[in-house]
Amino acid sequence: MTKILAISEANAISFHAMALIAISEISINTNDIAEISGSSKHHTAKVLQRLVKKGLLGSTRGPSGGFYLKKSAKEIFLIEILEALEGEIKVNDCPIDNPICPFGSCLMGGICTEIGANLLSYLKSHTLSDLITNIDSNQNIFKRIIDI
Amino acid sequence: MRIIGLSDANIIGIHSMAIIAAAGSDGISVHKIADLAKCSKNHLTKVVEILSKEGLIHATRGPAGGFYLSRTAKEIYLIDIYEAISGKVDENNLCYEHSSSRIKLNFFTSICTELSQKYLNYLKNTKLSEIQGKAEQVLRKQ
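What follows is the structure in structure tokens.
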């Protein structure tokens, strides 16, 4: 079975990691994030490193160290999380990235541009705070960490 | 970059099919399709192989050979092209879901699902014959 819209594994990890860090009341590290989000530790570490480098996260060292948000969740727009990994996002008019459409106007009626623009607008107008709104913090996400 | 959306293979597949439909009984070579759609010939060759294997198009060999539709353009929906390339769409789970995650980003999933549904409706309701017109105009200019 296939998904119509697919986002990369790295982007999925970054959104999940940012959400986890935002809702966590305790210090949370790479191992915790990888385990809770069901991602590879190595890949998660690389994504987190990037988010730190781009100034969205800070980190503390030591046994009780971990990651924290550099700004409040209300101040981090979702587009910033995506652009931290991908660079500046622009919606291309041509789905096959031609600077000039060889068909004069889009063969697919501009549906790709329309959907890309819709998503971009959503990412630019919503924050990490919106992303974590519906997460039930009592759903035992942190059970293993708290037990330890 | 494309933030989210159909893969390159799907986009190339849909464009190629429109050009093959426009070429009609004359048939058209991979080289000419790549030239018209301004896309990579190597990638296009792979996509065309899949479309052929899945029975949407067939080829004739030789210097005057080329690709032809196996059914009329009115009988082919864009979803047929999409599924020939990417496999059956999971309509109950349209958007990327990090399935092994204990944290569910419902807010994000809902917008992705909404946009995916829009794409899916377009693919399911659009026939190849509806988009081949622009390809015909380009072919006539050649």
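Sequences listed follow chains A and B, in order. The opening position of the first sequence corresponds to residue 1 in our numbering, with each subsequent residue numbered one higher. The opening position of the second sequence corresponds to residue 1001 in our numbering, with each subsequent residue numbered one higher. We put the CB at the ideal spot given by N, CA and C, even for glycine.
Mind checking who B:His1058 pairs with in its DSSP beta bridge? B:Tyr1068
According to the Cβ coordinates, are B:Leu1078 and B:Ile1014 closer than 7 angstroms? Yes, the pair counts as a contact, with Cβ atoms nearer than the cut-off.
Where the segment 16 to 36 of chain A meets chain B: residues whose CB sits under 7 angstroms from a CB there: His16, Ala19, Leu20, Ile36
Nearest-angstrom Cα distance between B:Ile1085 and B:Ser1016? 12 angstroms
How about B:Phe1107: is its C-beta nearer than 7 angstroms to some C-beta of chain A? Yes, because at least one Cβ of chain A sits closer than 7 angstroms to the Cβ of B:Phe1107.
Going by C-alpha to C-alpha distance, which of B:Asp1035, B:Gln1142, B:Glu1130 sits closest to B:Lys1074? B:Glu1130
Along chain A, which residues have their Cβ under 9 angstroms away from the Cβ of B:Thr1137? A small fix is needed here, since residue 1137 of chain B is Gln in this sequence, not Thr. Correct list: Phe103, Gly104.
Should A:Ile76 be flagged as near chain B, meaning a C-beta pair shorter than 7 angstroms? no
Tell me, please, whether the segment 31 to 39 of chain A touches the segment 77 to 93 of chain A by the rule of three or more beta-carbon pairs shorter than 8 angstroms. no
Could you list which residues in chain B have their beta carbon closer than 9 angstroms to that of A:Thr133, in chain order? Asn1106, Phe1107
For A:Thr44, count the other beta carbons within 10 Å of its own beta carbon; 16 or more makes it buried, fewer makes it exposed. Which is it? buried
Can you pull the DSSP bridge partners for A:Leu56? DSSP output for A:Leu56 lists no bridge partner at all.
Distance, Cα to Cα, A:Arg144 vs A:Gly104? Bear in mind that a pLDDT of 49 at A:Arg144, under 50, signals an unreliable position, so the number given afterwards is only what the model happens to contain. Distance between the alpha carbons of A:Arg144 and A:Gly104: 57 angstroms.
Evaluate B:Lys1134 with the Cβ neighbour count: other Cβ atoms within 10 Å of its Cβ, from every protein chain shown; 16 or more gives buried, anything less gives exposed. buried
Which runs of the alpha helix (DSSP H) spanning at least 4 residues fall entirely within the segment 28 to 107 of chain A, listed in chain order? Qualifying alpha helix (DSSP H) stretches, in chain order: 30 to 37, 41 to 53, 78 to 86.
Verify the CB distance criterion: does A:Gly55 have a CB-CB separation below 7 angstroms to chain B? no
Is the beta carbon of A:Ile132 closer than 7 angstroms to that of A:Leu69? no
Taking only runs of the alpha helix (DSSP H) that begin and end inside the segment 1096 to 1125 of chain B, which ones reach a length of at least 4 residues, in chain order? Counting whole runs of 4 or more residues, the segment 1096 to 1125 of chain B contains the alpha helix (DSSP H) stretches 1106 to 1125.
Going along the chain, which residues of its own chain have a beta-carbon closer than 6 angstroms to the beta-carbon of B:Thr1126, five neighbours each way excluded? Leu1078
If A:Asn215 and A:Gly65 are in contact, beta carbons under 8 angstroms, what's the gap, nearest whole angstrom? Residue 215 of chain A is absent from the model: chain A starts at 1 and stops at 148.
Give a yes or no on whether 7 angstroms exceeds the smallest Cβ distance from B:Ser1101 to chain A. At a cut-off of 7 angstroms between beta-carbon atoms, B:Ser1101 makes contact with chain A.
Does the Cβ of B:Gln1132 have 16 or more other Cβ atoms within 10 Å, making it buried, or fewer, making it exposed? buried
When DSSP labels each residue in this structure, what does A:Thr133 get in the three-state scheme? coil
Judging by CA-CA distance, which residue of B:Leu1036, B:Lys1046, B:Tyr1119, B:Asp1008 is the nearest neighbour of B:Ala1018? B:Leu1036
Along the chain, where does the alpha helix (DSSP H) that runs through B:Ala989 open and close? Residue 989 of chain B falls outside the range modelled here, since chain B spans only 1001 to 1142, and no answer is possible.
Use the C-beta contact count for A:Asn11: other C-beta atoms within 10 angstroms, 16 or more gives buried, fewer gives exposed. buried
Within the same chain, show all residues whose beta-carbon is closer than 7 angstroms to that of B:Phe1107, passing over the 5 residues directly before and after it, in chain order. none
I'd like to know whether the C-beta of A:Asp147 is nearer than 7 angstroms to at least one C-beta of chain B. With a pLDDT of only 49 at A:Asp147, under the threshold of 50, the placement of this residue in the model should not be trusted, and no figure is reported.
Leaving aside the five residues before and after B:Ile1076 along the sequence, list all residues of the same chain whose C-beta is less than 6 angstroms from its C-beta, in chain order. These residues qualify, in order along the chain: Leu1128.
So if I threshold CB-CB distances at 9 angstroms, which residues from the segment 109 to 127 of chain A count as touching chain B? Gly109, Ile111, Cys112, Glu114, Ile115, Gly116, Asn118, Leu119, Leu120, Tyr122, Leu123, His126
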